[in-house]
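Student: Residue numbers 18 to 123, in the numbering used here, belong to the letters of the sequence shown in order.
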Amino acid sequence: MGSTRLYSKGRVLGHKRAKRNSSPNTSLIQIEGVANKEEAQFYLGKRVAYVYKAKREIQGSKIRVIWGRVTRPHGNSGVVKSKFTSNLPPRAFGASVRIMLYPSNI
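1) Within the continuous beta strand (DSSP E) that includes A71, where are the two ends?
2) Taking only the alpha-carbon atoms, compute the straight-line gap between H32 and S20 and give it to the nearest angstrom.
3) Considering only the beta carbon of each residue, do G77 and K100 sit closer than 7 angstroms?
4) From Y69 to N104, what distance separates their C-alpha atoms?
5) Taking S121 as the reference, give the member of Q47, L61 and R81 with the closest Cα.
6) Rank L118, K54 and G95 by C-alpha distance to the C-alpha of L30 and give the top, closest one.
7) Could you give the residue range of the beta strand (DSSP E) that holds K26?
And the structure:
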């Protein structure tokens, strides 16, 4: 039996922004398999992990994580807004994130 994923895949679209102003404290995320606002409701409050590799080892690992939380839907196409403990760097735009299936509200 293969491994079972306990998270959904998502992609960072960028920061919340207007035409000229950018709000780096909120990131937009497209979740795989979510196409409308109703499907996005399930993911509200779920935890998001941006996993990346750094050059320097800390506690024997080069892998680091920035944690965040899905806060609300954005528009009608299934995109969600999320806030991270520290703002996502611009190099994360287009990168994949993990949307954990906890905390559960079912």
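Ideal Cβ positions, reconstructed from N, Cα and C, are used throughout, including at glycine.
Tutor: Taking the structure as given:
1) R64 to I75
2) 33 angstroms
3) no
4) 14 angstroms
5) L61
6) G95
7) Y24 to R34
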